[in-house]
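S.K.:
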Amino acid sequence: MIPLLQWNLNGYTNNYNELQLLIQDHAPAIILLNETHISFNLSAFTPKQYIGMFHNLPHISTGKRGIAILIRRDIPHKINAIQSNLLAMSIEIILVKKITIICTYIAPDEHFTSTDILQLINQASTPLIFAGDFNAWSPLWGSPIANKRGKCIEDALLSSNLICLNNGSATHFSTHSTFSHVDLTMCTDTLATECEWSILDHLHGSDHFPIVLKLHLGSTTKNHKINKVFKTDYADWEKFQTHCEINGNNTPISDNPNQESARLTKIIRSAANVSIPHTKPTASSKSVPWWNKEIAELRAKKQTAWYEYKRARSLVNLISFRKANALFRRSAKQAKRKCFQDFTSKINPSSSPKLIWNALKKLSGVPRNLTIQCVKGPTGLVTNPSDISELFANHYSETSSDISFSTQFQTSKTTTLSDTSYSVSPLSFSAKQIETSISLSEFEFVASTVKGKSPGQDKISYPIIRHMPKSLKLRLVKLYNKIFNTGVYPQFWKTSCVIPILKPHKSSDELANYRPISLLPCMGKILEKIVANRLMWYAQRNKFISPNQVAYKKGQGTLDALIQLDYFITNALSSKNHVSVLSLDFHRAFDKIGAHIIIRQLRKWKIGQNMIRFITNFLTNRKLKVNVNGFLSSTLPLSNGTPQGSPLSALLFIIAFDDISRMIKNYKGVEHQIYADDVLIYTKVSDVNLAQSLFTNILARIETWSLESGASLSLDKTHILHVCRKQNCNGISLTHNQTNIECKTQLKILGLIFDSNYNFNAHCKYVRNSLMSRLNIVKYLSSKHSFIHPNTLVNVVRALLTSKIDYGLPIYGNCSKSSINLLNAPYHCAIRRSLRAFPTSPIKTIMAESGLPTIQNKIIDSSLQILAKTAENTNPLLNTTITHATKKRKIPRIQSAISRCLSFAAENNILRNATRKFTTRHPPCLINDKILQNKLMFLSKQNTPNEVFQQTFAELESNYTNNGWKLLFTDGSKSIDSTSLAVVTATGEIICNWLLPSTSSVFTAEGSAILHAVNYAKKTKGKFLICTDSKSCMSAITSPSNRNPIIEVIRDAVIGAPQKIQVMWIPGHAGITGNHFADLAAKNVARTPALTYYVSSKQDILNLIKHKRHQKNASEWKTFKHHYAVINPARNRIIYSSTVPTSAMKTYTRLRIGHTIITHAHLLSGKSPSICPLCDDTASIKHLLTLCPMLHPTAHNSGNIDLIKLLSEPSEKNVMIVYRFLKTNDLLKYI
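Position 996, counted from 1, in the sequence shown is what the UniProt record's numbering calls 996; the numbers after and before it change by one each time, with no gaps.
Below, the structure written as C-alpha cells:
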C-alpha cells in the first residue's frame, strides 16, 4: 500500500509544523500541495526523507498560488515536462507499475476550458492520478450546484477514461463558515479499484481538509528485516574476556584453517552474546522530536472544538474552535523552538566529533539509508526484497564471470593460474623478510590501527577483536601463520556480504545505479592488512611500483599528481608551448581486473612461494551474498576483480595497473600520472599531429592489454584537453574503435576543473557553488534560536567550507584575483554566521576572532606545504621534479606551485636534505618489545618517586653491563634561539654534540641524538643500550606507520641488530647520572662553537610555515587602526568555555568586534549617528560601558570594574559580567 497525501495547506511556511504532524501520522510516500505561496523559481526546506519540487507561474509576483510535490527519497521517480498554461506539475513513479501523478492548482479568478484539462491528461503515457484544487462545483463530487468550472471538469471526465474518486465529503471550509467541494482527485479507470480515497476530519491549520489516497499496488514498504549487531560501546569487556578464556579452554585447536576459523568465531560469538548487548530489532520512531504531552492535549481540544462546531454551527462554537486552533499552533511553534534550542545547546567543543556530526545530520534533515522498493528485472519490476537481493547477486556474479570477458582473458587466466611450477631459489633478503612468521606485536599494532565498527556476517567487529584475551589473540595469530604458510584461506573469510547503496542523484530502479558496499569478516581483514603492509614495504624497497602511481601510498595522493601536471603545464606555457592532456577512464576496473595479472606481476617480483600461494588462494574461489532490506540472497561465485572491502585489494589493484605505466614510458615525449584507475597522459610536443599519433598508439597498446586484463576503457568518459594560449591553435582530434574522443575546453581532472586557457575560473565558480550550498547548513545551525557553541560552529566552517577550498589550492590558487574573490563572499559569510556577527562586520576582525586564515593566506601556506611533503621523501618523482626546478636560473613566466615553494625554501634554507632517502632493509612490522626496553615506561612519571626510578634503572643497568652491554645517553635541547643534541657515555664522555637549525623541534633533536648514537654503535665494537628520555621518539620507533626518515633509520638499525643495539626509555630529571650528563652537554652546545647538523622533518617545516604566517600577521596587525586591535593586540583566537551561554558569547563577541546595532545601524539606514538611549551623547561602545553618566552608579555598585578592559581579557567570568551589566540596564537590544 502506497499512501498519498493531497492538501491545499494555504501557505507552506505557515503550516509546516502541521505538515510534519500529518507525515508523522500517515507516513505518505507522495505529498501533493496546493497554495504553497512560494514564488516562481524558489524552493523551501523539505521534511526529512523527502525530495521537494516547487513550482509557480512566472507572472505571479505576489507570492500567492504555488504548488509542490514531495516524494520520499526511496520511491523511484522522474519529473515529466508538461505543456500547459495552467499551474501544474507532473511526475512518474515506478513501483509495481508506472503511474503518472499530476498536481495542479487553478485559482478562482483563472479562466480555463475542458480542452486545457484534456491537454494535461493526454500528456500522461501511463495510468494517471490527477489531483488538485480546481475551485470547481458539481453535484458529481458533492456540491449542491454546478458552476461553469465544474461543467468543464465534467466534460473532461466524459471525454477521457478518468474517474473522480471524491465521495461527496466537503474539502473546504470557507471564510463564510460554509463548506464546499473544490479539491478533486481523479484517476485512470484501471487504477480506480486499487485506490482508497478518504478525507481527514480536521483542517490542520488550513481552510482545506487534507485528503489521503491509498494505492493498493502490492506490498513494497514492509518487507524489511532489521539485523541485530553488538553494541560494543556498552560491552562488559571483563566478562567478555572471562567467557572467551572459558570457551577457548573447552574448544580444542584444529589444524584445518577453515575449521579453526569457525571455532574461533563460535568462541567469540558465544562470549559476546552474554557480555555485549544487541541492537533492538525495532524500527525507529516516526514522531517529531518536539512533540510532547501538552501539545497532544491541545490538539485533542482543538479537534473536540471542531467536532462541536460541525455538530452545531454557531458563532460561539466557531470562535471556540479558532481559539483552540490558535493556542495549539502557538504552543507547537514554541515547543519546536525550545526543542531546537535544547538540542543545539548540547553541541559544544567538548562534545565528541561523532555526536556533533550525528546531531548536525539530524538538524539538517539528512536521511538514513532507505529501503530499496523495487528494481527493474529481465521480466519487469521486482518488488519482493528476497527477489531483489537475488537479482543483485546474479548481476554482480555474472559481471565478474569469466564468460563475460574476451577469449584472450580466459586463456591467459587459465594458463597463469594452472602453472604450479613457480619457484625462486634463492630468495632475496627482502623476500625472506616478508615471509617471516606473524608476531603478536604485529597483530596488535594492525588491530589498533584499523578503523570502523562494521562487522561481516559473523558480527565480530574490530573493537571485539581488540578486547580479546591474550590467549585467544595468540591462538588467532597461530591460525594466521597456518594460513600464511599453507596458503589455505578460510572460505568464510572470502565470502562478502554486499549491500547496494544508491548513488547520489540516480534513479533507484536501475541495478547499475547502486554502488556495492562489501562487508568482510574483520578477523580476515586484519590478516589481509598485515600482508598488505609487508607487500607494500617489499614493493617500495625494491621500487617495483612506478612512482607515477600515487594512489594508496602513504604520504601520497591526488595532490602529487596535480602538482606534477601543474609544473609540466606552466613550464610549457612559459616557453610559449602548448600541452595536450588525455584523461582515460576505465569501466569498473576494480571489479574486472583478472587475478592472473596480479599473480604474473608478483612472480616477476620474485616473491616467496608462501606469499604467492596466499594471494592466489585469496583472489580465487571467492563468493558473495547480497543483503537487501535485511534479506540475504543465495551464495554465488565472484570470479574476478579485487575483493572490495579488503585492505589488501587496493595494493593488488595498483600492482596490476603497473603494466600501464610501463607501456606509457616507452613513448618519448609523453608524461603520465596515475591515481588508481584514473590515468592522465600528457605531452607538450609542438606538432599536434605527432601528439595525436602518440595518443593513438598508446590507446591501441592499452586496448590490447585490456583484452587480456579485463579492465576495459570507457570511451564515453575518456576526454582530451588542449591547454594553449596561442591564437588559432587547433586541438587534437582523436578516434578510437570508431568512437570520437571529445576534445573539451574544460575538463575535471582528479577533482580540479582545468580549462584550455589554464585560468581556473571555471573551477572557482564550481567551488563557489559548493560553498553556497554548504553555507546553508551553517546558516541553519546559527539561526536565531540555535544554541550551538560558536567555537563548534567555527569548527563546522573549517570542516565544511575550508576543506572544500583547500583541495587543490596550491594549483588553482595562483589564478586571477577576480576568480579567487568569488570564494570570499560565502567564506566570510559563514565565518560571520559562526560568530553570530552582523553581515557587515569588518573582515579583519572576524578573521582574527575566529582564528581562521584568509583565502589569500591559505593560498600561500598551502603552496609552501609542498615542502613538507619532500621532508619524508615518500614521492621520489616529486623530489626529482623539485631538484630539476632548483637548477633553473630563470624564474618561469607562469609560476607553478613548486616555483612558489622554492623561493620560500631559498629564503629559509630548509631544502638541503629533501632528497636524502634511506632504504630500509627490514619491514617496520618486525619491531617488537624485545628490541625496545620499556620497563620504566610502565611507571607513572607523576606518581613514581625519583628513588624508585633510580633503583629500577640501576637494576636494569646492572643486568645489561653484566652481559657486556655499554650504555649511551642521548638528549635534545631547544631554546628560543637554538636547537641542539648530544650523545654521552655513562661517565659523561661526549660522543658527539651538534647544533641544529633553530626551526627544528625538540622531537627532531631527540630523534637525531638517538640516530647519532645508533651510528656510533654501528661503527664501534661492542653492544650498546641507548637511553633516551623522549617518550614521543620511543612511540614513533614502535609505530611501523611512522615514516619520519630519522625514525626509519633508527627502527631499521635496531631490527637488524637486536643483539648489538637496543633502545631504552628513562625518565628525565629523575636523578639518573647519565641522563644528567646528556642534558648538560646538549644545553652547552649553544654556548660553545659547534658544527650544525642540517635536518628538517615534515613537522618542522609545517611549524616554520606557521611561525612565518604568525609573524606576518603580527606585522600587519600593528598597522591596523581599529577598536578591535586595541582589545586583541596579539591577534589571538579566543576559545570560550563550553559552559558559557551562547547569548552571552554573541553579545560579548559583538562588543569585542566593535560592531553593534546602536553603533553601526545608522550607516545602513543613511541616518545620523545614534545617540545613547539614556543620555544625549553619541553612542559608542566605550560610552555605554564606561562613560555614560546614567550608567555610572551601576558600574560603581559593581565595584568600578573597567568593562572595556574585560573585553580584552576573555574568560567565562568576564563574559558574564559584561552580559549581566547590559541585561540589567536593558541594553541587550542595542547590541
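Where is the CB? At the ideal position from N, CA and C, for every residue including glycine.
Could you give the residue range of the beta strand (DSSP E) that holds glycine 1154?
M.R.: Counting from one through the sequence shown, the residue named residue 1154 turns up at place 1154. Segment: none, glycine 1154 is in no beta strand (DSSP E) and carries neither H nor E.
S.K.: For leucine 632 versus lysine 623, is the C-beta distance shorter than 8 Å?
M.R.: As a position in the sequence shown, residue 632 is number 632, starting the count at 1. As a position in the sequence shown, residue 623 is number 623, starting the count at 1. Going by C-beta atoms, leucine 632 is not nearer than 8 Å to lysine 623.
S.K.: Does the Cβ-Cβ distance between valine 670 and isoleucine 681 come in under 8 Å?
M.R.: Reading the sequence shown from its first residue, position 670 is the one you call residue 670. Reading the sequence shown from its first residue, position 681 is the one you call residue 681. Against a cut-off of 8 Å, the Cβ pair of isoleucine 681 and valine 670 comes out as a contact.
S.K.: Can you tell me which of the three DSSP states isoleucine 388 falls into?
M.R.: What you label residue 388 is simply residue 388 of the sequence shown in a count that begins at 1. Helix.
S.K.: I need the boundaries of the beta strand (DSSP E) containing methionine 663, first residue and last residue.
M.R.: Taking the sequence shown and counting its residues from 1, the one referred to as residue 663 is at position 663. Counting along the chain, methionine 663 falls outside any beta strand (DSSP E), though it belongs to the alpha helix (DSSP H) covering 658-664.
S.K.: Just mark tyrosine 480 as buried or exposed, buried being the case when its beta carbon has 16 or more other beta carbons within 10 Å.
M.R.: By one-based count along the sequence shown, residue 480 stands at place 480. The residue is buried, with at least 16 neighbouring Cβ atoms inside 10 Å.
S.K.: With a cut-off of 8 Å on the beta carbons, I'd call arginine 73 and tyrosine 50 a contact; round off their distance for me.
M.R.: Here residue 73 corresponds to residue number 73 of the sequence shown, with the count starting at 1. Here residue 50 corresponds to residue number 50 of the sequence shown, with the count starting at 1. Confirmed, Cβ separation roughly 7 Å.
S.K.: How many angstroms separate the CA atom of arginine 330 from the CA atom of isoleucine 38?
M.R.: If you number the sequence shown from 1, residue 330 lands on position 330. If you number the sequence shown from 1, residue 38 lands on position 38. Distance between the alpha carbons of arginine 330 and isoleucine 38: 23 Å.
S.K.: What number of angstroms, rounded off, separates the C-alpha of histidine 1196 from the C-alpha of tyrosine 234?
M.R.: Along the sequence shown, one-based indexing puts residue 1196 at 1196. Along the sequence shown, one-based indexing puts residue 234 at 234. A caution first: histidine 1196 carries a pLDDT of 40, below 50, which makes its placement in the model unreliable, though a value can still be read off. Rounded to the nearest angstrom, the two C-alpha atoms are 55 Å apart.
S.K.: Grouping DSSP H, G and I as helix and E and B as strand, with all else coil, what is glutamine 303?
M.R.: Working through the sequence shown from its first residue, we reach residue 303 at position 303. The answer is helix: DSSP assigns glutamine 303 an H, G or I state.
S.K.: When burial is assigned at 16 or more other CB atoms within 10 Å of the CB, is phenylalanine 938 buried or exposed?
M.R.: Numbered from its first residue, the sequence shown carries residue 938 at position 938. Phenylalanine 938 comes out exposed.
S.K.: Check the DSSP bridge columns for alanine 982 and list the partner residues they point to.
M.R.: Locating residue 982 in the sequence shown gives position 982, counting from the first residue. Beta-bridge pairing links alanine 982 to Asp971, Asn993.
S.K.: Does valine 670 come out as helix, strand or coil in the three-state DSSP assignment?
M.R.: As a first step, residue 670 is located in the sequence shown; it is residue number 670 there, counting from the start. Here valine 670 sits in strand by DSSP.
S.K.: Just the C-alpha distance for lysine 1223 and glutamate 849, rounded to the nearest angstrom, thanks.
M.R.: To locate residue 1223, count along the sequence shown from 1; it is residue 1223. To locate residue 849, count along the sequence shown from 1; it is residue 849. Near 23 Å, if we compare the C-alpha coordinates of glutamate 849 and lysine 1223.
S.K.: Below 8 Å, how does it come out for the stretch 193-212 and the stretch 159-178: are there three or more Cβ pairs, yes or no?
M.R.: Flag = yes, the stretch 193-212 and the stretch 159-178 touch.
S.K.: Taking C-alpha atoms, which residue in Asn627, Ser386, Leu636, Leu648 lies nearest to threonine 616?
M.R.: Residue numbering aside, residue 616 sits at position 616 when the sequence shown is read from its first letter. Ranking Asn627, Ser386, Leu636, Leu648 by Cα distance to threonine 616 puts Leu648 first.
S.K.: Checking 8 Å against the spacing of the C-beta atoms, do asparagine 697 and tyrosine 667 come in under that value?
M.R.: Here residue 697 refers to the residue found at position 697 of the sequence shown. Here residue 667 refers to the residue found at position 667 of the sequence shown. Taking 8 Å as the Cβ cut-off, asparagine 697 and tyrosine 667 qualify as a contacting pair.
S.K.: Which residue from Ser896, Leu968, Ser1097, Gly1056 puts its Cα closest to that of isoleucine 928?
M.R.: Along the sequence shown, read from residue 1 onward, the residue named residue 928 stands at position 928. Isoleucine is not the amino acid found at residue 928; the sequence shown has asparagine there. Comparing Cα positions, the closest option is Gly1056.
S.K.: Can you tell me which of the three DSSP states asparagine 273 falls into?
M.R.: The residue labelled residue 273 in the question sits at position 273 within the sequence shown. Asparagine 273: helix per DSSP, three-state reduction.
S.K.: Can you give the beta carbon distance from lysine 804 to leucine 771, rounded, assuming they're within the 8 Å contact cut?
M.R.: Position 804 of the sequence shown, counting from 1, holds the residue named residue 804. Position 771 of the sequence shown, counting from 1, holds the residue named residue 771. Sure, about 6 Å apart at Cβ, within 8 Å.
S.K.: Between Thr558, Ser782, Leu217, Thr1038, which has its C-alpha nearest phenylalanine 343's C-alpha?
M.R.: If you number the sequence shown from 1, residue 343 lands on position 343. Ranking the options by Cα distance to phenylalanine 343, first place goes to Ser782.
S.K.: Kindly give me the distance between the Cβ atoms of alanine 1081 and alanine 982, rounded to whole angstroms, as I take these residues to be in contact under 8 Å.
M.R.: Along the sequence shown, one-based indexing puts residue 1081 at 1081. Along the sequence shown, one-based indexing puts residue 982 at 982. Right, their Cβ atoms sit about 4 Å apart.
S.K.: When the Cβ atoms of the stretch 460-474 are set against those of the stretch 942-956, are three or more pairs found closer than 8 Å?
M.R.: Touching, no.
S.K.: Using the three-state DSSP reduction, which class does serine 159 fall into: helix, strand or coil?
M.R.: Counting from one through the sequence shown, the residue named residue 159 turns up at place 159. Serine 159: coil per DSSP, three-state reduction.
S.K.: Below 7 Å CB to CB, which residues in the same chain sit around leucine 562 once its five sequence neighbours on both sides are set aside?
M.R.: Numbered from its first residue, the sequence shown carries residue 562 at position 562. Leu750, Leu752, Gly808, Ile811.
S.K.: I think lysine 231 touches isoleucine 268, with their Cβ atoms under 8 Å apart; what is that distance to the nearest whole Å?
M.R.: To locate residue 231, count along the sequence shown from 1; it is residue 231. To locate residue 268, count along the sequence shown from 1; it is residue 268. Actually they do not touch by this definition, with Cβ atoms about 16 Å apart.
S.K.: Would you decide whether leucine 95 is buried or exposed? Buried here means 16 or more other CB atoms lie within 10 Å of its CB.
M.R.: Translated into positions along the sequence shown, residue 95 becomes position 95. So leucine 95 ends up on the buried side.
S.K.: Kindly identify the DSSP beta-bridge partner or partners of lysine 214.
M.R.: The residue given as residue 214 occupies position 214 in the sequence shown. Pro3, Glu196, per the DSSP bridge assignment.
S.K.: Taking 8 Å as the cut-off, decide whether the C-beta atoms of aspartate 585 and lysine 748 are in contact.
M.R.: Position 585 of the sequence shown, counting from 1, holds the residue named residue 585. Position 748 of the sequence shown, counting from 1, holds the residue named residue 748. Cβ distance not < 8 Å, so aspartate 585 and lysine 748 don't count as in contact.
S.K.: Terminal residues of the continuous beta strand (DSSP E) containing phenylalanine 1024?
M.R.: Taking the first residue of the sequence shown as position 1, residue 1024 is located at position 1024. Note, phenylalanine 1024: beta strand (DSSP E), 1023-1028.
S.K.: Could you tell me the alpha carbon to alpha carbon distance between leucine 1228 and isoleucine 1204, rounded to whole angstroms?
M.R.: Reading the sequence shown from its first residue, position 1228 is the one you call residue 1228. Reading the sequence shown from its first residue, position 1204 is the one you call residue 1204. The alpha-carbon atoms of leucine 1228 and isoleucine 1204 are separated by roughly 16 Å.
S.K.: Taking 8 Å as the threshold (C-beta atoms), are phenylalanine 409 and leucine 707 in contact?
M.R.: The count along the sequence shown starts at 1 and reaches residue 707 at position 707. The count along the sequence shown starts at 1 and reaches residue 409 at position 409. The answer is yes: Cβ separation under 8 Å.
S.K.: Under 8 Å: do the stretch 962-971 and the stretch 1025-1034 share three or more Cβ pairs, one atom per stretch?
M.R.: Result yes; three or more Cβ-Cβ pairs closer than 8 Å.
S.K.: To the nearest angstrom, how far is it from the Cα of isoleucine 438 to the Cα of valine 477?
M.R.: As a first step, residue 438 is located in the sequence shown; it is residue number 438 there, counting from the start. As a first step, residue 477 is located in the sequence shown; it is residue number 477 there, counting from the start. Near 7 Å, if we compare the C-alpha coordinates of valine 477 and isoleucine 438.
S.K.: Which two residues bound the contiguous alpha helix (DSSP H) that contains glycine 1007?
M.R.: The residue you call residue 1007 lines up with position 1007 of the sequence shown. Note, glycine 1007: alpha helix (DSSP H), 1002-1019.
S.K.: Please classify serine 733 as buried or exposed, where buried requires at least 16 other C-beta atoms within 10 Å of its C-beta.
M.R.: Sequence index remark: in the sequence shown, residue 733 carries index 733 (1-based). Burial call: exposed.
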